[in-house]
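So the sequences go chain by chain: X and B.
Residue 255 in my numbering sits at position 255 of the first sequence; the count goes up by one each step and never skips.
Residue 505 in my numbering sits at position 126 of the second sequence; the count goes up by one each step and never skips.
For each residue, glycine too, the CB sits at the ideal point set by N, CA and C.
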Amino acid sequence: MEQEVAIVDAVQTRHGSALKENIREIMFSTVRQLLNRVGIEKSEIGTMVSSSSDYWQGISCSNSYYYDAAGANLKSGSKAAEDSALGFHYGAMRILSGHYKTVLVTSITKCSEAPPVDTLTHLATDPFFQRPVGLNETISTALQAKAYLHRFELNEEDLAGVPIKNLANAQNNPNAHRKGVLSLDDVLASPTMASPLREIDVPNTSDGACAILLATKEVAKDLTKRPVFVQGLGWNVSETFLGDRDLLNGSLPKAAKMAYKMANIEKPLDDIDVAEICDTTSFNEILWTEQLGFCAPGKGTDLLKDGITSMGGALPVNPSGGLFGANPYVARGLIRIAEIALQLKGEGEKRQVPDAKRGLAHSVHGLGGQLHSVVVLGV
Amino acid sequence: MSGQSRILEGYVSLPYRWAMGETTTRFFDEFKNKKIMGTRCGKCNRVLIPARSFCSHCFDNVDEWVEVGQEGVIKTWVAVNFSYEGQPKEPPYILGIIELDGADVGLPHFIGGVPMDDFDELAKKVRIGEKVRAVWKESREGNILDIDYFEPVD
Chain X
1 MEQEVAIVDA
11 VQTRHGSALK
21 ENIREIMFST
31 VRQLLNRVGI
41 EKSEIGTMVS
51 SSSDYWQGIS
61 CSNSYYYDAA
71 GANLKSGSKA
81 AEDSALGFHY
91 GAMRILSGHY
101 KTVLVTSITK
111 CSEAPPVDTL
121 THLATDPFFQ
131 RPVGLNETIS
141 TALQAKAYLH
151 RFELNEEDLA
161 GVPIKNLANA
171 QNNPNAHRKG
181 VLSLDDVLAS
191 PTMASPLREI
201 DVPNTSDGAC
211 AILLATKEVA
221 KDLTKRPVFV
231 QGLGWNVSET
241 FLGDRDLLNG
251 SLPKAAKMAY
261 KMANIEKPLD
271 DIDVAEICDT
281 TSFNEILWTE
291 QLGFCAPGKG
301 TDLLKDGITS
311 MGGALPVNPS
321 GGLFGANPYV
331 ARGLIRIAEI
341 ALQLKGEGEK
351 RQVPDAKRGL
361 AHSVHGLGGQ
371 LHSVVVLGV
Chain B
380 MSGQSRILEG
390 YVSLPYRWAM
400 GETTTRFFDE
410 FKNKKIMGTR
420 CGKCNRVLIP
430 ARSFCSHCFD
440 NVDEWVEVGQ
450 EGVIKTWVAV
460 NFSYEGQPKE
470 PPYILGIIEL
480 DGADVGLPHF
490 IGGVPMDDFD
500 ELAKKVRIGE
510 KVRAVWKESR
520 EGNILDIDYF
530 EPVD
């Protein structure tokens, strides 16, 4: 179904543990590669929206460091901090505003250059109540995971299939920097990091970047044989204090409802062919699939065990390997969208889901999943 | 070109001064007397801790102060067994979300007074739904760590 905003094309880096080029060089080469593929020049880019994080870069106003390197010199470039999927939403809205015919959306993070995620997300807490007791992303997720396992009478072994599935999928993704074949014993041998989460449940970080070119329907048809249309956008944010929230019923169902309504999706499992989900931990892929409406609450582990979310299943989740395959923190949301665009263009190569016509990209930011974003794409 | 890329190392350390606001200031001043105070929203009737000056659900001012219990139940918990820069104490330790008697939201804080060297023994005492009680520090400065930890109530 054609819509007003379309993805023309998308480019990612070969993600890695420590890319040797600097941030400006990576941004330039990623955008240059995208323009080459599409066959346009910088002058034909209407505007640019980027996404990066000051703390993750060690340079405040992180975007001011690479504006010109991203093709936005003397253009009305802007930034959506922290979650690059929000940069995508912002870019789509700039097309819908009628002011731009093309919008470039970019994101970059070199985690190898920054302190660990658990230190940086500790600084995302308020200084009076949550920081002194040491909350951060992994600890918040462990609190959520414990409540989940208790409510549905499950145990840690029920989560083990996620890294096994996603690292196996990553073997088919040339951009992934982690991949491999794991056994259940390998997973269970991993040391406990924050009970019930093991070290292997928490994807390591990466360096990487992504760039997507958005355009109006008419311009997109001129620029590519296979435009991918933006069918639904949704996002939602819950309370700041972890103790205020129902950790198992947050903002994601509302974000999904918003996107599904726009895309006329009534039965997500039937109506969506492929999904890329921010598997911030093993547990999170399971919780997010439930909250996206792929199954009932508490049934996410069955969805996984029954192979529904595996390659060849009714709704493959993370053919790219997800964050287990590559996790360049801020760029991860935009990469999910780029992967779905690739699937719908039929360019997924070894990770292609056959006949994919409609896909979903999910992204999350903030402790315990404070902010969720859902993008539905279709051809 | 040589194919090499050198690393420049740096460190960013900057001072900040955060105003607590009057409500948080009183909340912590009451800690000096071992009192845990919340504020009740006149619209949804929820008692919120830490005490706050507005309810984000009803989006209105909140100014009715109520004392909540020293005891509450564990809503969820985690045994932290890894290190990161900025961490408040040496692992292993336990962090929980505690819903105090009379409060309608949870408070993240440490759970202590249990053996940390035997996880199975620990997991018998620290359980979701079990009762815990605030243990105060002898010397209190008016901050969240005036409560040393919450201990299981036998």
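- Query: Should B:Ala458 be flagged as near chain X, meaning a C-beta pair shorter than 9 Å?
  - Reply: The sequence position of residue 458 of chain B within the second sequence is 79, counting from 1. Chain X, which has a Cβ nearer than 9 Å to the Cβ of B:Ala458, makes this yes.
- What separation, rounded to the nearest whole angstrom, lies between the Cα atoms of X:Ile23 and X:Thr109? As a first step, residue 23 of chain X must be located in the first sequence, where it is residue number 23. As a first step, residue 109 of chain X must be located in the first sequence, where it is residue number 109. Their Cα atoms are separated by approximately 8 Å.
- Item | Chain-order list of residues whose beta-carbon lies under 7 Å from that of X:Lys345 (same chain, five-residue window excluded) | Start at 1 with the first residue of the first sequence, and residue 345 of chain X comes out as number 345. Excluding sequence neighbours, X:Lys345 sits near Arg226, Val228.
- If you follow the beta strand (DSSP E) that B:Ala398 is part of, which residue opens it and which one closes it? Taking the second sequence and counting its residues from 1, one reaches residue 398 of chain B at position 19. Careful: B:Ala398 lies outside any beta strand (DSSP E) and carries neither H nor E.
- Query: Using the beta-carbon of each residue, which ones in chain X are nearer than 9 Å to B:Lys454?
  - Reply: Mapped onto the second sequence, residue 454 of chain B falls at position 75. The answer, in chain order, is Leu143, Ala147, Gly243, Leu247.
- What in chain X is Cβ-close to B:Phe461, meaning under 7 Å? Within the second sequence, the letter at position 82 stands for residue 461 of chain B. In chain order: Met193, Ala194.
- Message: Strictly under 9 Å for the Cβ-Cβ distance: is X:Val274 near chain B by that measure?
- Response: Along the first sequence, read from residue 1 onward, the residue named residue 274 of chain X stands at position 274. No, no contact with chain B.
- Three-pair Cβ contact test at 8 Å for the region 443–459 of chain B versus the region 187–199 of chain X: yes
- Under three-state DSSP, which class holds X:His122? By one-based count along the first sequence, residue 122 of chain X stands at place 122. Correct three-state label for X:His122: helix.
- Task: Quick one: list the residues of chain X neighbouring B:Gly389, beta-carbon separation under 9 Å, in chain order.
- Result: The residue labelled residue 389 of chain B in the question sits at position 10 within the second sequence. In chain order: Gly58.
- Task: Within the same chain, show all residues whose beta-carbon is closer than 6 Å to that of X:Ser76, passing over the 5 residues directly before and after it, in chain order.
- Result: Position 76 of the first sequence holds residue 76 of chain X. Cβ neighbours of X:Ser76 beyond the five flanking positions: Thr47.
- Message: Among X:Asn236, X:Ser183, X:Tyr55, X:Asp355, whose alpha-carbon lies nearest the alpha-carbon of B:Tyr356?
- Response: The requested residue 356 of chain B does not occur in the structure, where chain B is confined to residues 380 to 533.
- Query: Cβ atoms of X:Asp9 and X:Thr224: under 9 Å apart, would you say?
  - Reply: Here residue 224 of chain X corresponds to residue number 224 of the first sequence, with the count starting at 1. Here residue 9 of chain X corresponds to residue number 9 of the first sequence, with the count starting at 1. Against a cut-off of 9 Å, the Cβ pair of X:Asp9 and X:Thr224 comes out as a contact.
- Query: Skipping 5 residues on each side, what residues in its chain have a beta carbon closer than 6 Å to that of X:Leu304?
  - Reply: By 1-based counting over the first sequence, the position of residue 304 of chain X is 304. Only Gly161 meet the Cβ criterion.
- Taking the alpha-carbon positions, what's the X:Leu182 to X:Thr281 distance? Reading the first sequence from its first residue, position 182 is the one you call residue 182 of chain X. Reading the first sequence from its first residue, position 281 is the one you call residue 281 of chain X. One C-alpha to the other measures close to 16 Å.
- Run of the alpha helix (DSSP H) containing X:Thr30, from where it starts to where it stops: Here residue 30 of chain X refers to the residue found at position 30 of the first sequence. First-last of the alpha helix (DSSP H) with X:Thr30: 23–38.
- Is DSSP giving X:Ser50 helix, strand or coil here? Taking the first sequence and counting its residues from 1, one reaches residue 50 of chain X at position 50. Three-state DSSP puts X:Ser50 in a strand.
- Message: Taking the alpha helix (DSSP H) that X:Glu266 belongs to, which residues open and close that run?
- Response: Translated into positions along the first sequence, residue 266 of chain X becomes position 266. No alpha helix (DSSP H) contains X:Glu266, which DSSP labels as neither H nor E.
- Where does X:Ala275 fall in DSSP's three states? Taking the first residue of the first sequence as position 1, residue 275 of chain X is located at position 275. Strand, per DSSP.
- Message: Do X:Glu339 and X:Arg310 have their beta-carbon atoms positioned less than 9 Å apart in this structure?
- Response: Position 310 of the first sequence, counting from 1, holds the residue named residue 310 of chain X. Position 339 of the first sequence, counting from 1, holds the residue named residue 339 of chain X. The question names Arg, but residue 310 of chain X in the sequence shown is Ser. Result no, Cβ atoms of X:Ser310 and X:Glu339 do not sit closer than 9 Å.
- At 3 residues or longer, and completely inside the region 492–532 of chain B: list those beta strand (DSSP E) runs for me, N to C. 510–515, 526–531
- Could you tell me which residues DSSP puts in a beta bridge with B:Glu478? Here residue 478 of chain B refers to the residue found at position 99 when the second sequence is read from its first residue. The partner list for B:Glu478 (beta bridge, DSSP) reads B:Val452.
- Message: Can you find the residues in the same chain that come closer than 6 Å, C-beta to C-beta, to B:Cys434, ignoring five residues on each side of it along the sequence?
- Response: Start at 1 with the first residue of the second sequence, and residue 434 of chain B comes out as number 55. The answer, listed in chain order, is Cys420, Val441.
- Quick one: what's got a C-beta closer than 8 Å to B:Tyr472's C-beta in the same chain, skipping five residues either side? Indexing the second sequence from 1 puts residue 472 of chain B at position 93. Result list for B:Tyr472: Ala458, Val459, Phe489, Gly491, Met495, in chain order.
- Three-way DSSP call (helix, strand, coil) for X:Ile212 in this model: In the first sequence, residue 212 of chain X corresponds to position 212, counting from 1. Three-state result, X:Ile212: strand.
- Query: Hey, quick one: how far does the alpha helix (DSSP H) through X:Gly378 stretch, first residue to last?
  - Reply: The count along the first sequence starts at 1 and reaches residue 378 of chain X at position 378. Here X:Gly378 belongs to no alpha helix (DSSP H); instead the beta strand (DSSP E) covers 371–378.
- May I have the straight-line CA-CA distance separating X:Phe324 from B:Glu530, to the nearest angstrom? Position 324 of the first sequence, counted from the start, is the residue given in the question as residue 324 of chain X. Position 151 of the second sequence, counted from the start, is the residue given in the question as residue 530 of chain B. Distance between the alpha carbons of X:Phe324 and B:Glu530 is about 37 Å.
- Message: Counting beta carbon pairs with one atom in the region 364–371 of chain X and one in the region 210–225 of chain X, are three or more of them shorter than 8 Å?
- Response: no
- Task: Please report how far the alpha carbon of X:Val237 lies from the alpha carbon of B:Gln383, in whole angstroms.
- Result: As a working note, residue 237 of chain X is residue 237 in the first sequence. As a working note, residue 383 of chain B is residue 4 in the second sequence. X:Val237 and B:Gln383: Cα-Cα distance of roughly 43 Å.
- Using 9 Å as the limit for Cβ to Cβ distance, is X:Asn22 near chain B? Taking the first residue of the first sequence as 1, we reach residue 22 of chain X at position 22. Chain B contact via Cβ: present.
- Task: Taking only beta carbons into account, state which residues of the region 389–408 of chain B come closer than 7 Å to chain X, listed in chain order.
- Result: Gly389, Val391, Trp397, Met399, Thr403
- Item | Whole-angstrom distance between X:Val230 and X:Arg14, CA atom to CA atom | Counting from 1 along the first sequence, the entry for residue 14 of chain X is found at position 14. Counting from 1 along the first sequence, the entry for residue 230 of chain X is found at position 230. Taking the straight line from one Cα to the other gives about 25 Å.
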